[in-house]
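Since the structure comes first, as structure tokens, the remarks are kept for the end.
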Amino acid sequence: MIVIDTHTHTISSGHAYSTVQEMAKEAAVNGVKMFAVTDHGPAMLGAPSLYHFGNLHTIPRELYGVRIIKGVEANIIDYNGKIDIPEIYLKRLEFVLASFHDICIEPSTVEDHTNALVNALRNPYIDAVAHPGNPTFQVDIDKVVAAAKKYNKFIEINNHSFIVRTGSEKNCKEFALKCKENGVSIVCGSDAHISFDVGNFERVKNILNEVEMPEELIINTSVERFEEYLRLRRERLAAL
Ligand SMILES: [Zn+2]
Ligand SMILES: [Zn+2]
């Protein structure tokens, strides 16, 4: 059972419709034990400024019994894998997703897309690449999964992709299969843009069932395992 949602947006993203408080309340109702607030980085139209990310400590660690993880969905802004959040702000975050959005970067070649995701996964502050199955930014799936394995990072399977990023299904299934074959862990993100969708993994679950994904490779199924990852992450960053 998936009890952690590692990808959600609040009103701060500019095109999402609930507050952190509303998200937490609904999460508690839906049986979600932890969720990451991952509003868009500043390169996205209508997204918050960097100060938003510097001030996330204001949000309590726990609300309505639900642990709130302070994060971001950073935008990849060049094909070397550069993101729109400087290190000084990255240091203050608990979980960092990196992803492509076509209003922040013009789609290019498979080689360029792959290179950007591989470099993003190499970045010690980045934990996962979000919706890498988006066919608008087609990648070499083998190479991206190999990079996730090498750097001990996650591949996200995104519930929202099946609605808004048409054609993602085939790629997401292949990502899930390759992760299973290579023992790479995945994270499941609802990519909720309203409170009612926090913890909505309806379509993700179909894919995971189809590929018979082992539970130990789904990081969102255990609060203990996820907290352990966050602990190791703090160690990783302290050693920089
Ligand atoms: Zn996104
Ligand atoms: Zn998102």
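In the working numbering, the protein residues as written are -15 to 224. Ideal placement from N, C-alpha and C gives every residue a C-beta, glycine not left out.
query, result
"For residue 189 and residue 87, the rounded distance between their alpha carbons", "29 Å"
"Cβ pair residue 159, residue 129 closer than 8 Å", "yes"
"Three-pair Cβ contact test at 8 Å for the segment 137 to 156 versus the segment 108 to 118", "yes"
"Start and end residues, alpha helix (DSSP H) containing residue 13", "4 to 13"
"Any non-hydrogen atom of ligand 2 closer than 7 Å to residue 27 Cβ", "no"
"Beta-bridge pairing of residue 96 - partner residues as DSSP gives them", "DSSP, once it has assigned bridges, lists no residue as partnering residue 96."
"Which of helix, strand or coil DSSP assigns to residue 160", "helix"
"Residue of 99, 36, 171, 70 minimising C-alpha distance to residue 237", "In the structure as shown, the chain begins at -15 and stops at 224. Residue 237 is therefore absent and cannot be evaluated."
"Neighbour-count burial assignment, residue 198, 16 or more Cβ in a 10 Å radius", "exposed"
"Assigned secondary structure, residue 41 (DSSP; H/G/I helix, E/B strand, else coil)", "helix"
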